[in-house]
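All remarks here apply to the structure that follows.
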Amino acid sequence: MTAEFEVQRAFLSSPEFAVVGASKDESKIGSKLLRWYKDHDKIVTPLHPKEEELGGLRTLRKLSELSSPMTTSLSIVTPPKVTLGILRDASELKIPYIWIQPGAEDQAVVDLIESNDHLKARTVYGGPCVLASGDNILSKL
9 MTAEFEVQRA FLSSPEFAVV GASKDESKIG SKLLRWYKDH DKIVTPLHPK EEELGGLRTL
69 RKLSELSSPM TTSLSIVTPP KVTLGILRDA SELKIPYIWI QPGAEDQAVV DLIESNDHLK
129 ARTVYGGPCV LASGDNILSK L
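FYI, in my numbering the residues of the sequence shown are 9 to 149.
Here you go:
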C-alpha cells in the first residue's frame with residue numbers, strides 16, 4: 009500500500025470528522041461530503057462562519073471549538089486562500105488527519121503543507137475526493 013493510501017485509511021479510521029466548506033446548497037460538494045459522512049454513520053460536525061445549522065447538524069464557527077480536535081479528521085472544501093488559514097489552525101490544534109478536496113488547494117497551500125512536518129505526514133491533497141474514494145477505503149478497514 010502507498011503512503012497516501014495509509015494516510016487516507018488513517019483519516020477514515022478517526023472516531024470523528026469535521027467538514028469546512030459545506031453550505032445550504034445541497035448540490036455543492038461540501039454539502040454532499042457532509043451527507044456522505046452522515047450516510048456512513050460517522051460522527052461529523054460542519055464548520056461555517058455564519059450558518060447555525062447545516063444538513064440538520066449544529067455548526068461550529070472555528071476549529072478551536074471542536075470538542076476533541078486531536079481525534080477529529082478534517083475535510084476541507086474551501087477556496088485555497090481560506091484553506092491556508094484552516095491548515096494553520098489545524099496544525100496548531102494537532103488535527104490528526106486532513107483531506108483537502110480537489111479545488112481547495114493551490115501552490116501556496118502545497119508549499120505550506122510541504123514546509124510543515126505535521127501537515128506533510130497527515131494530509132491528503134492533490135488527488136482524489138472522499139466521495140470518489142471513501143467507500144473503497146472503508147471496505148479495506
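The C-beta atom is built at its ideal place from N, Cα and C for all residues, glycine as well. Here the structure is a predicted model, which is why all the values come from computation and not from measurement.
| Asked | Found |
| --- | --- |
| If you compare alpha carbons, which of Leu-68, Leu-65, Glu-60, Leu-55 is closest to Thr-86? | Leu-55 |
| State the DSSP-derived secondary structure class of Asp-122, mapped to helix, strand or coil. | The sequence shown places Glu at residue 122, rather than the Asp named in the question. Reduced to three states, the DSSP call for Glu-122 is helix. |
| Would you report the Cα separation of Lys-102 and Lys-70, rounded to the nearest angstrom? | 14 Å |
| Note down, in chain order, each residue of its chain lying with its Cβ closer than 6 Å to the Cβ of Thr-131, except the 5 sequence neighbours on either side. | Ile-106, Ile-121 |
| Can the beta-carbon of Gly-29 be found closer than 9 Å to that of Gln-115? | no |
| Looking at the secondary structure, which residues open and close the alpha helix (DSSP H) in which Pro-23 lies? | It is not in any alpha helix (DSSP H) - Pro-23 carries neither H nor E in the DSSP assignment. |
| Find the nearest neighbour of Lys-58 within the set Ser-31, Gly-134, Ser-35, Trp-44, judged by alpha-carbon distance. | Ser-31 |
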